[in-house]
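Down below is the structure, laid out as structure tokens.
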Amino acid sequence: MTRIVRRTSEFEGVVSEQLMVEGEDIPPYPPDRTLTTVGTPQPRIDGAARVTGAARFVHDLTFPGMLTCLVLRSPHARAIVRDVDASAAMAIPGVRDVMHAFNSKPVPFRGEPSLFRTEVQFAGDEVAAVLAETEDAALTALDRIVVEYEVLEHAVDVGDSMRGDAPRLKDEGNVKETLKHDRGDVDAALAGADVTIEAEYRTSAQLHNSMEPHGAVALWDGDTLTVHESTQNIFGVRAGLKGVLGLPFSKIRVKCEYMGGGFGSKNNIGKYTVLACLFAMKTGRPVRALLNRWEENVAAGSRSQTLQRIRIGVRGGAITGIEHFAYASAGQSPGVSSPTNPTNVLHDIANVRTRSHAVQTNVGNWAAFRAPGHVEGAFALESAIDEVAAKAGLDPLALRRKHADVQRDPYSGQPYSFKALARCYERGAELVGWSRRKPEGLPGSTRSRRRGIGMASQTWSGGGTTPAYVTVHVNPDGTVIVRCGTQEIGTGTKTTLAMIMAEELGIPLSWVSVEVGDTVMPYAPLSAGSLTTPSLGPTARLAGNDALIQLKQILGGLLEVGPDEVRIQDGRVIAGGASMGLAEALAKVGSYTVIGRGQREPNPENTLIRSFGAHFVDLEVDTATGEIFVH
């Protein structure tokens, strides 16, 4: 029986409560079960398609009559757009349309009233869009559009935007607090410490530069919109288009068969997607809107630049308290990931004060980038721990070990499902030879060649989420087709689902086909935040188990034994001392279709599923050239 329950869920370091649908789960495999497919090396089921070029990416798609959409972008970091004259562009042969703020109906996008701002906010901001028969015609048209700008003061650096004399980029100000956490008495802890440090750390923006740039191809048949998108979130794109265009979900189909990298930058709908759809619906012809490599660097989002200030104190060989204030560039986004999350959760420290802030700057959108917020925050936190350890004359690994063994999350108070950080420290120290470490460097270091050993800790979410659904169709010859509306972003999702299904059904991996990347399939979450396998793996097993129960009932009736007496192993049906191929058995019942369904169940109540790790490095630096050699 299904019921609505409230559970905590974690996504990219942020824990929140959500309503979830709970059904019937199945127990995990017993520890003594020997797995035949899961846990064994297997070739990727889509490997041949990828290396031979048979895999089709969005950039490979062509349709009869397809038009090209290109975007004119602002050369200024901040300016008022006074006028746009596209008359010369429209006169070019092959140009079908030009869209800009002064000639088109406002289309709301991400909380703003229009796709085109009349005050551009970064160099690369969208000013106009051209639709043409060919890319050459569109490029020529971009050069013929005349824009009148009134250039304004701007701030592209976090520190500059925080200054009192900085231009005001938002009515509410340039700095907004986004996350606050307090526990214990930090001021007393720092005042009573034997050793304290105050440090400031800066991290730069980072660009994703996926092998396949962002892009979409839109088709409109007069009733239904079909969008091929290079995305990590097909259902998110569908939801975004519904909000912008007002179409019902039944009239929007988003597909992503293969995609060439995203790293977080393709988690959400882009303006290029909306432009392609608007032009397709206006003309009735397919439209492609693909970013080039330059646009990837100016308009596809980035990891935030940060400025972080930390105070930390040590007494009696342990950390007594820490204060961590972080300021992260949000660019044009309303929010940003919080660099203080690692400080809140990584080490069990009694006295903690953290504040995260989003800082408006004249750069492009913030975009999730491989553990957003955590990478920047862990760098500052772990650097500060190293600095205070050095000042106190402590081994930095020994200092961290003082805060590693507690099996309860210091931020939420929930117990961990599993935590082995102390074991990571032990194993890493053994492998790198930590006992050789000297504060002044390893033996053999010279003034020009310095060699040393260092380490740092990390934590990240890893529990998966709901909702997620998988179906499996068993064919009369014993082969199966797994369907799920997830995205294969290159991490091996299709192979993972196939392995789990083969294991659950007792059939060879080669019998399993997997279809993903289409919103007509069962819902799956976005492929980000380490969600995919933890969300879909249990779901696929539930779908396989549902199909297996049905198969055992059918085969039991066929062989005149109880369902519990039937076993499927290596594609063969074993029951009552008899054995026959699954295909042979199913052939006897003709085209009867077995469809297994799986629904992801919520994680255990009042338990936090989190991953931990430690990184150790032995490296040498040539102080004259700056070259780094990792040993």
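Each residue of the sequence shown is one higher than the last, beginning at 1024 in my numbering.
Note that beta-carbon positions come from the ideal geometry of N, C-alpha and C, so glycine has one too.
Give every residue of the same chain whose Cβ lies closer than 6 Å to the Cβ of Pro1419, excluding the five residues on either side of it in the sequence, and list them in chain order. Asp1409 and Ala1412
Spatial neighbours of Glu1235 within its chain, please: C-beta separation below 8 Å, excluding the five flanking residues on both sides. Phe1080, Val1081, His1082, Ser1253, Met1282, Gly1283 and Gly1284
Please confirm if the region 1174-1188 is in contact with the region 1113-1130, defined as three or more CB-CB distances below 8 Å between the two stretches. no
For Tyr1448, report the span of its alpha helix (DSSP H) as first-last. Leu1444 to Val1455
Nearest by alpha-carbon distance to Pro1365: which of Arg1633, Asp1055 and Val1589 is it? Arg1633
Checking the sheet assignment: what are the DSSP bridge partners for Asn1290? Under DSSP, Asn1290 shares a beta bridge with no residue.
Please return the same chain residues whose Cβ sits closer than 7 Å to the Cβ of Ala1100, not counting the five positions on each side in sequence. Phe1145, Ala1146, His1177, Val1179 and Asn1385
Report the start-end ranges of each beta strand (DSSP E) in the region 1200-1228 that is 3 residues or longer and not cut off at the edges. 1218-1226
Asn1367 lies in the alpha helix (DSSP H); which residues open and close that run? Asn1364 to Val1368
Excluding the five sequence neighbours on either side, which residues of its own chain have a C-beta within less than 6 Å of the C-beta of Thr1060, listed in chain order? Met1522, Ala1525, Glu1526 and Leu1532
Applying the criterion that 16 or more other CB atoms from any shown protein chain within 10 Å of the CB defines a buried residue, is Val1539 buried or exposed? Counting Cβ neighbours within 10 Å, Val1539 comes out buried, since at least 16 surround it.
Runs of 4 residues minimum, wholly inside the region 1592-1629: which ones carry the alpha helix (DSSP H) assignment? Complete alpha helix (DSSP H) runs here, min 4: 1605-1610.
Does the contact criterion of 3 or more C-beta pairs under 8 Å hold for the region 1254-1265 versus the region 1216-1236? no
Can you give me the C-alpha to C-alpha distance between Asp1069 and Ser1536, rounded to a whole angstrom? 10 Å
Please classify Tyr1434: does DSSP put it in a helix, a strand, or coil? coil
Measure the C-alpha to C-alpha separation of Glu1399 and Pro1064 and round it to an integer number of angstroms. 34 Å
Going along the chain, which residues of its own chain have a beta-carbon closer than 8 Å to the beta-carbon of Gly1238, five neighbours each way excluded? Val1081, His1082, Glu1252, Ser1253, Tyr1295, Arg1311, Ala1312, Leu1313 and Leu1314
I need the DSSP call for Ala1563, collapsed to helix, strand or coil. helix
Quick one: is Pro1545 buried, meaning 16 or more other Cβ sit within 10 Å of its Cβ, or exposed? buried
Alpha carbon to alpha carbon, how far is Asn1568 from Val1589? Give it in angstroms, no decimals. If you take the alpha carbons of Val1589 and Asn1568, they lie about 14 Å apart.
With a cut-off of 8 Å, do at least 3 Cβ pairs link the region 1501-1508 to the region 1642-1653? no
Less than 7 Å between the beta carbons of Leu1369 and Thr1219, yes or no? no
Ends of the beta strand (DSSP E) at Gly1475? Arg1472 to Ser1484
DSSP on Ser1634, reduced to helix/strand/coil? strand
Please tell me whether Ala1161 and Ala1155 are closer than 7 Å, where the distance is taken between their beta carbons. Contact flag set, yes.
Would you mind sorting Trp1317 into buried or exposed? The rule is 16 or more other CB atoms within 10 Å of its CB. exposed
For Ser1184 and Gln1383, what's the separation of their Cα atoms in angstroms? 7 Å
Can you tell which of Ala1601, Leu1571 and Asn1626 has its C-alpha closest to the C-alpha of Val1584? Nearest option by C-alpha distance: Ala1601.
Excluding the 5 residues preceding and the 5 following Gln1430 in the sequence, name in chain order all residues of the same chain whose CB lies nearer than 8 Å to its CB. Closer than 8 Å at Cβ, skipping near neighbours: Pro1438, Tyr1439 and Lys1442.
Enclosing beta strand (DSSP E) for Ser1352 [first to last residue]: It spans Ala1341 to Gly1354 - the beta strand (DSSP E) in which Ser1352 sits, taken as one unbroken run.
Distance CB(Val1170)-CB(Val1150) smaller than 7 Å: yes
Determine contact between the region 1204-1213 and the region 1389-1396, defined as no fewer than three beta-carbon pairs at a distance below 8 Å. no
Hey, quick one: how far does the alpha helix (DSSP H) through Phe1652 stretch, first residue to last? That residue, Phe1652, is in no alpha helix (DSSP H); its beta strand (DSSP E) goes Ile1651 to Val1653.
Measure the alpha-carbon distance for Glu1628 versus Arg1191 and round it to whole angstroms. 45 Å
Met1478 to Ile1333 span [Cα, whole Å]: 19 Å
Element boundaries [alpha helix (DSSP H), containing Glu1176]: Here Glu1176 belongs to no alpha helix (DSSP H), and DSSP marks it neither H nor E.
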